[in-house]
Amino acid sequence: RVQTGGWCGDLRLMFRATTAALQRGYSTLCRAPQQFMAMQRRMMSIHLLTRLEVADNSGAKEIMCIGHHTRKPARIGDCIRAVVKKAKPRSRVSRKDIVSAVIVRQRARHVRADGTTIKFQENTAVILKRDLSGPIATRVSGPVARELRQGGMMKVLMMASRAV
Numbered sequence: 215r216v217q218t219g220g221w222c223g224d225l226r227l228m229f230r231a232t233t234a235a236l237q238r239g240y241s242t243l244c245r246a247p248q249q250f251m252a253m254q255r256r257m258m259s260i261h262l263l264t265r266l267e268v269a270d271n272s273g274a275k276e277i278m279c280i281g282h283h284t285r286k287p288a289r290i291g292d293c294i295r296a297v298v299k300k301a302k303p304r305s306r307v308s309r310k311d312i313v314s315a316v317i318v319r320q321r322a323r324h325v326r327a328d329g330t331t332i333k334f335q336e337n338t339a340v341i342l343k344r345d346l347s348g349p350i351a352t353r354v355s356g357p358v359a360r361e362l363r364q365g366g367m368m369k370v371l372m373m374a375s376r377a378v
């Protein structure tokens, strides 16, 4: 694909694909716009240097993604490596610590297997122990996604106030 300059180029690409599909006799819900939407979804996930809020009582307030344990870009239920950017004084983790975390909420739209979509207002993670066996905290604030069940993070799911 030719880069024509930011989001304007993406809109031109979608418009051309939609008009070409209409000329061939397809409806507007053809394959080309669906591929465009899948491309947009991939671009909005958790990448390197993305800042996330922390949803547990470990003492960290904000972390920054510096690596992926599983796939790139990371999505809900994936483990990441992160550095603590903001932390409360005298807490279990301190600023500049490198930790592992699991993503429990993300701003990007997440499409489930049954076709429903879920979207949260912030990117949020829970800090894990060094061996990735469970969280270092004792509480998780706010709702978490059910996709943690497939990732084997049942302890995080059970500590949360709500699973959506």
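Counted the way the working numbering counts, the sequence shown spans residues 215 to 378.
Cβ coordinates follow ideal geometry from the N, Cα and C atoms, glycine included.
As the structure is a prediction and not an experimental result, all values here were calculated from the model.
Exposed unless 16 or more other CB atoms sit within 10 angstroms - verdict on residue i
i      : result
ALA339 : buried
THR264 : buried
SER259 : buried
ALA288 : buried
ILE280 : exposed
VAL313 : buried
GLU336 : exposed
MET368 : exposed
VAL378 : exposed
Close Cβ partners of residue i (< 6 Å) along its chain, the five nearest in sequence each way excluded
i      : result
ASP292 : THR284 and ILE317
ALA165 : In this structure the chain extends from 215 to 378, so residue 165 is not present and cannot be described.
LYS302 : GLY273
GLY365 : GLY291
Assigned secondary structure, residue i (DSSP; H/G/I helix, E/B strand, else coil)
i      : result
ARG323 : coil
ALA370 : Residue identity differs from the one stated: residue 370 is Val in this sequence, not Ala. The answer is helix: DSSP assigns VAL370 an H, G or I state.
LEU362 : helix
ARG256 : Model confidence at ARG256 stands at a pLDDT of 47, short of 50, so the residue's coordinates are unreliable; what they give is reported in the following sentence. Residue state, collapsed to three classes: helix.
ILE332 : strand
THR338 : strand
LEU262 : coil
LYS286 : coil
ARG295 : strand
LYS343 : coil
ALA190 : Residue numbering for the chain in the displayed model covers 215 to 378; residue 190 lies beyond these limits and cannot be assessed.
ILE350 : coil
VAL313 : strand
LYS300 : strand
ALA274 : strand
VAL307 : coil
GLY356 : coil
Own chain, CB closer than 7 Å to residue i, minus 5 neighbours either side, in chain order
i      : result
PHE334 : ARG319, GLN320 and ARG321
ARG306 : SER272, GLY273 and ILE350
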